[in-house]
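Per my numbering, the sequence shown starts with residue -14, numbered consecutively.
Idealized CB from N, CA, C, for every residue including glycine.
The next block holds one structure in the form of structure tokens; read it before the comments.
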Amino acid sequence: MSARQALGVLQPRTAIVRRSALLAAARFHPRRLGSPLPAPPAAAAAAPFSTAASKPSHAADSTPTQSRPRVDPQQPQEAKQSRRGLILLSSALLSTGLLAGIGLTFFVPRPRIVSLVFPLPTNHPPPRESPEHRAHTKEIERDLMQLEVVKQLQAETVPAPAPTSSGEDQTPTATKEGTPAPLVKKYTVSRPYAATPPGPHSLSAYTLRGPGKFAVPPLVFTTQDKRESVLILHVGDGLCGHEGVVHGGLLATVLDEALGRTALLNLPTNIGVTATLSLKYKKPTFANQFLVIRTELTEQRGRKAWVRGKVEDLDGQTLVEAEALFVEPRMAQFLSSSSVREALK
């Protein structure tokens, strides 16, 4: 074999070795040595040797994008429309509830608990002795006389025993003669402070009287034996502690006056002072309503009188309970009780 023939046999093998070395070198990134690149496709390995095969391609350097999911252009638009519909529905429901609540405030009375948490502002009462004051007083007086409890007390009567002398049978004449016994009122009616001239020295008769306070004098029904009484009065918006709720101290004053009236009627000289007064507040007493105060003499011994009572609303719910002890002063017989008797009428 000649030298030319031997060179022709070795030249293809040398080209194959050079191509394999170049392909192995191209598998590493030219900037980051040691980071292998993806292997070339099979078609590139089968292609004839060329200078382009010795250089790394741009496709080998770039990150493959075949793994990224394809986004549907209609999905964001559908999500946006769904979100917009939810916002419109929420706004419509909120507006409907707000309008319904505002409408109900004009037709449905507010619950008492709502009045406690969100009280309405109170208007200023009209000036004293103004036309508005006289109209307000006349309206309260008319409503007072139309109360069901007032009508029942005015109509309540009991059989009266026939007058008897000592030693005679005290059976009513109705059982003897067969005729009905005469009927008398169980209660006597009075209006405390109605005849008392107003003056700055009196809390109940002057300071607390007027529009927004005690617009009219209380109406009192006292039993014939003077041991029980029922007092009806109206409390205005100007007697509150918390907005819309009557002050607890004012209720104590009202009970002191009502219990004291029953106690003084049963003391020898009709003069007495408060020794003890115990109160139990059961429920809030709302302003601008009529209250019913019931009193009862529980015991009277010498110069002492024990009385108990309670404050009710027109529905009969107990708002305040009270017990008190009134004592007659030792020198009461030397004191003038004409003003006291006048107030007790």
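According to DSSP, what are the bridge partners of residue i?
{"i": "Y266", "result": "V305"}
{"i": "Y172", "result": "T208"}
{"i": "L216", "result": "V205 and I278"}
{"i": "Q285", "result": "A290"}
{"i": "T254", "result": "Paired residues: none, contrary to the question."}
{"i": "L310", "result": "T261 and W291"}
{"i": "V231", "result": "C225"}
In three-state DSSP terms, what is residue i?
{"i": "V201", "result": "coil"}
{"i": "A290", "result": "strand"}
{"i": "L299", "result": "coil"}
{"i": "R194", "result": "strand"}
{"i": "K40", "result": "Summary for K40: the model assigns pLDDT 49, below 50, so the residue's position carries little reliability; its value from the coordinates is reported in the next sentence. The answer is coil: DSSP assigns K40 none of H, G, I, E or B."}
{"i": "L132", "result": "coil"}
{"i": "E114", "result": "coil"}
{"i": "A272", "result": "coil"}
{"i": "L74", "result": "helix"}
{"i": "A180", "result": "coil"}
{"i": "L320", "result": "coil"}
{"i": "S67", "result": "helix"}
{"i": "E141", "result": "coil"}
{"i": "H121", "result": "helix"}
{"i": "S187", "result": "coil"}
Looking at residue i: is its Cβ nearer than 8 Å to the Cβ of residue j?
{"i": "Y178", "j": "S189", "result": "yes"}
{"i": "A243", "j": "L216", "result": "yes"}
{"i": "G287", "j": "A307", "result": "no"}
{"i": "L264", "j": "A290", "result": "no"}
{"i": "I256", "j": "L310", "result": "no"}
{"i": "E126", "j": "V201", "result": "yes"}
{"i": "R233", "j": "Y266", "result": "Checking the sequence shown, residue 233 turns out to be Gly, not Arg. Their beta carbons are under 8 Å apart, which means G233 touches Y266 by this criterion."}
{"i": "V296", "j": "L240", "result": "yes"}
{"i": "R212", "j": "E281", "result": "yes"}
{"i": "P112", "j": "H121", "result": "no"}
{"i": "L235", "j": "L129", "result": "no"}
{"i": "Q318", "j": "T247", "result": "no"}
{"i": "L132", "j": "L276", "result": "no"}
{"i": "T333", "j": "S175", "result": "Because residue 333 is not part of the residues shown, which for the chain are -14 to 330, the question remains open."}
{"i": "V292", "j": "T283", "result": "yes"}
Looking at C-beta atoms only, is the number of pairs between the segment 263 to 274 and the segment 219 to 232 that lie closer than 8 Å three or more?
-> At 8 Å Cβ cutoff, the stretches touch.
Inter-stretch contact (C-beta, 8 Å, three-pair minimum) for the segment 247 to 262 and the segment 187 to 204 = Contact fails: fewer than three Cβ-Cβ distances are below 8 Å.
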